[in-house]
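Novice:
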Amino acid sequence: MTVPAVSRYAPWGPTSVRHRRHVLDLDDFSSDEIQAVLDNAVSMKEILGRSVPQVPILRGKTVVNIFYEESTRTRMSFELAARTLSASVSSMTAKGSSIEKGESLIDTIRTIQALGADIIVMRHHESGAPYLAAQHFKGSIINAGDGRHAHPSQALLDLFTIRERLGRLAGLNIVIVGDIIHSRVARSDIWGMLRCGANVTLCGPSTLIGDTTMWQATFPNLRISYTLDDLLPDTDVLMALRIQKERQQAGLLPSLREYSNDYGLTQERLDRMPAHAIVMHPGPMNEGVEIMPEAAISPRSVIEAQVTNGVAVRMALLYRLSGEPTATT
Ligand code: CP
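Going by my numbering, the residue at position 18 of the sequence shown is 29; the numbering climbs one at a time, nothing skipped.
Dropping the structure here:
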């Protein structure tokens, strides 16, 4: 069974045209649209390699980053992406803004609209907040991570990096290991990877994977494994997710040491993968817990490439939002 082209999370329907209005998750991206974004990102990466990396695609447009939660990679790469495309860029965090005085999300969005924003890049601790913002903003919203729900630009840069390194996505065996249940990255990756024809296995202790029936109701082709070692010889892509120390305090893990023994990415585990296999991590990493320092910098690791590619992929997204929206978007 294949993943349906339109999910109940995307009531406005699929968007196969070049211009879409919002990027809220990958559930409303067709395989063709994902491949088109990745193709655009190849061109954007070429621009970033020029001696003067700047093009006028977003000249006259204003991009506002609003981050209600901490970020290093996503925020900086959206800023760099927008500047490379010649947009006016403004960034704000909840701290130090009128949000601290109790201004509501809707009032903040209306204020930013009144200031002339065309595109808002938004990270929020509440799942669904960018969807609410999209209902009140006349321009475009890009979800830069909402609660445990979605992180579509991270998933697209993950897909780009895999395709760049391994030449394809279809048919690859991808294992995502770690704190799946709390991971917005995992959710968006699963949508994108399955839609592009990859085989995806979630791996970790049952307390961090959650209800398998729920997973398989949404993603019938998804595989689930509670042991990592058996998967390694057939794994093309191994992605570790951050383990937050609070998970142990919440009783979801007996100990971080035990987690590390069973699921940590060690050099010894990497040695059991095929020669071409790669290791990924969306960051930030807890080195010594879900990934050992030697694995993070091993020749298999593409973790720094993920960060670098994030700028090109976010340029591609901004480019695709820069045109006139169609009736279906
Ligand atoms: N991967 C990711 O979202 O990192 P940041 O929290 O640093 O943006």
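Note that CB positions come from ideal geometry on N, CA and C, so glycine has one too.
In this text the structure is predicted, and so the values were computed from the model without any measurement.
Would DSSP call Leu213 helix, strand or coil?
Specialist: Three-state DSSP puts Leu213 in a strand.
Novice: Could you check whether the region 141-150 touches the region 82-97, counting it as contact only if at least three pairs of C-beta atoms, one from each stretch, sit closer than 8 Å?
Specialist: Because the criterion of three Cβ pairs below 8 Å is not met, the region 141-150 and the region 82-97 do not touch.
Novice: Report the three-state DSSP secondary structure of Val318 (helix, strand or coil).
Specialist: Helix.
Novice: What is the chain-ordered set of residues for which the beta carbon lies under 7 Å from any non-hydrogen atom of the ligand CP?
Specialist: Residues flagged by the Cβ proximity filter: Glu81, Ser82, Thr83, Arg84, Thr85, Arg86, Gly156, His162, Gln165, Val196, Pro293, Gly294, Pro295.
Novice: Are the region 114-130 and the region 157-168 touching by the rule of at least three beta carbon pairs closer than 8 Å?
Specialist: Cβ pair count under 8 Å is below three, so no.
Novice: Spell out the partners DSSP gives Asp273 in its beta bridges.
Specialist: Its beta-bridge partners do not exist; DSSP assigns none.
Novice: Answer yes or no: do Glu80 and Gly156 have a C-beta to C-beta separation smaller than 8 Å?
Specialist: Closer than 8 Å, so yes.
Novice: Three-state secondary structure (DSSP) at Ala105?
Specialist: Coil at Ala105, not helix or strand.
Novice: Tell me whether Asn51 sits in a helix, a strand or coil according to DSSP, three-state version.
Specialist: Helix at Asn51.
Novice: For Ser27, I'd like the list of residues in its chain whose CB is within less than 8 Å of its CB, leaving aside the five on either flank, ordered along the chain.
Specialist: In this prediction, Ser27 scores a pLDDT of 39, lower than 50, which makes its location untrustworthy; no coordinate-derived value is stated.
Novice: What does DSSP give as the partner residue(s) for Glu298 in the beta ladder?
Specialist: DSSP, once it has assigned bridges, lists Ile302 as partnering Glu298.
Novice: Which word fits Ala327, buried or exposed, when buried means at least 16 other C-beta atoms lie within 10 angstroms of its C-beta?
Specialist: Under this definition Ala327 is a buried residue.
Novice: Note the first and the last residue of the continuous beta strand (DSSP E) segment covering Val248.
Specialist: Residues 248-251.
Novice: Check Ser18 in the structure and name its three-state DSSP category.
Specialist: Because Ser18 sits at a pLDDT of 37, beneath the cut-off of 50, its placement in the model cannot be relied upon, and the following sentence gives the value as read from the coordinates. Three-state result, Ser18: coil.
Novice: Which residues in the same chain as Pro304 place their Cβ atom closer than 8 Å to its Cβ, once the five residues preceding and following it in sequence are excluded?
Specialist: Excluding sequence neighbours, Pro304 sits near Glu298.
Novice: Kindly indicate which three-state DSSP category Pro192 falls into: helix, strand or coil?
Specialist: Residue identity differs from the one stated: residue 192 is Ile in this sequence, not Pro. Looking at Ile192 - three-state DSSP - the assignment turns out to be coil, as it is neither helix nor strand.
Novice: Need the endpoints of the beta strand (DSSP E) that Arg234 sits in, please.
Specialist: Per DSSP, Arg234 belongs to the beta strand (DSSP E) from 234-236.
Novice: What are the start and end residues of the alpha helix (DSSP H) that includes Ala228?
Specialist: Per DSSP, Ala228 belongs to the alpha helix (DSSP H) from 223-229.
Novice: Figure out for me which residue from Met55, Ile117, Glu257 has the closest Cα to the Cα of Leu329.
Specialist: Checking every option, the nearest Cα to that of Leu329 belongs to Met55.
Novice: Between Gln46, Ile187, Leu35, Val34, which lies nearest to Cys207 when the distance is taken from Cα to Cα?
Specialist: Closest by alpha carbon: Gln46.
Novice: The alpha helix (DSSP H) with Ala125 in it runs from where to where?
Specialist: Start and end: 116-125.
Novice: So, with DSSP's three-state summary, where would you put His135?
Specialist: Correct three-state label for His135: strand.
Novice: Quick check: Leu59 and Ala251, are their CB atoms within less than 8 Å of each other?
Specialist: Taking 8 Å as the Cβ cut-off, Leu59 and Ala251 do not qualify as a contacting pair.
Novice: Can you tell me which of the three DSSP states Ile308 falls into?
Specialist: Reduced to three states, the DSSP call for Ile308 is coil.
Novice: Classify Phe171 as helix, strand or coil using the three-state DSSP reduction.
Specialist: DSSP places Phe171 in helix when its eight states are reduced to three.
Novice: Report the partner residues of Asp282 according to the DSSP bridge assignment.
Specialist: BP columns for Asp282 are empty, so no partner.
Novice: Could you tell me the alpha carbon to alpha carbon distance between Pro265 and Thr218, rounded to whole angstroms?
Specialist: So the alpha carbons of these two residues sit roughly 10 Å apart.
Novice: Helix, strand or coil: how does DSSP classify Arg325 here?
Specialist: Three-state result, Arg325: helix.
Novice: Buried or exposed, going by whether 16 or more other CB atoms sit within 10 Å of the CB of Asp241?
Specialist: By the neighbour-count rule (16 or more Cβ atoms within 10 Å), Asp241 is not buried but exposed.
Novice: Specify, as a first and last residue, the run of the beta strand (DSSP E) that Ala155 falls within.
Specialist: Counting along the chain, the beta strand (DSSP E) containing Ala155 begins and ends at 151-157.
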